[in-house]
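Everything on this sheet refers to the single structure shown next.
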Amino acid sequence: MIQGHIDLDTATAVQSSAIPDVLFERGLYWASGRSGVVNLVAAHKWFNLAALKGRSDAIRLRREVAELMSEVEIAVAQREARAWITAH
């Protein structure tokens, strides 16, 4: 449960230019196992989304992750990325 409040008078919106960086960071999070678990499907999905939003370095990392994945896993990651795009 989150306690406290957000002061809407002083809050600033996340810049749209930050979105590719956030997506890229999610890819790094899952590829590196920071959570204690490496999830290549999730890493591929987030790197794919970051690449679509303009992070060119995400393309290289997406390829590296894909080399460790099966075709089925890649297809799942691509489906999840498309679903994310549709939802957002």
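Numbering (the working numbering), first residue to last: 36 to 123.
We put the CB at the ideal spot given by N, CA and C, even for glycine.
Contact set for residue 88: own chain, Cβ-Cβ below 7 Å, skip 5 residues either direction
For residue 88, where only same-chain residues beyond five positions count, the Cβ hits under 7 Å are 54, 55, 58.
Return the chain-ordered list of same chain residues with a C-beta closer than 7 Å to the C-beta of residue 93, the five sequence neighbours on each side being excluded.
Around residue 93: 59, 62, 82, 85, 86.
Would you check if the distance between the CB atom of residue 79 and the CB atom of residue 122 is smaller than 7 Å?
Result no, Cβ atoms of residue 79 and residue 122 do not sit closer than 7 Å.
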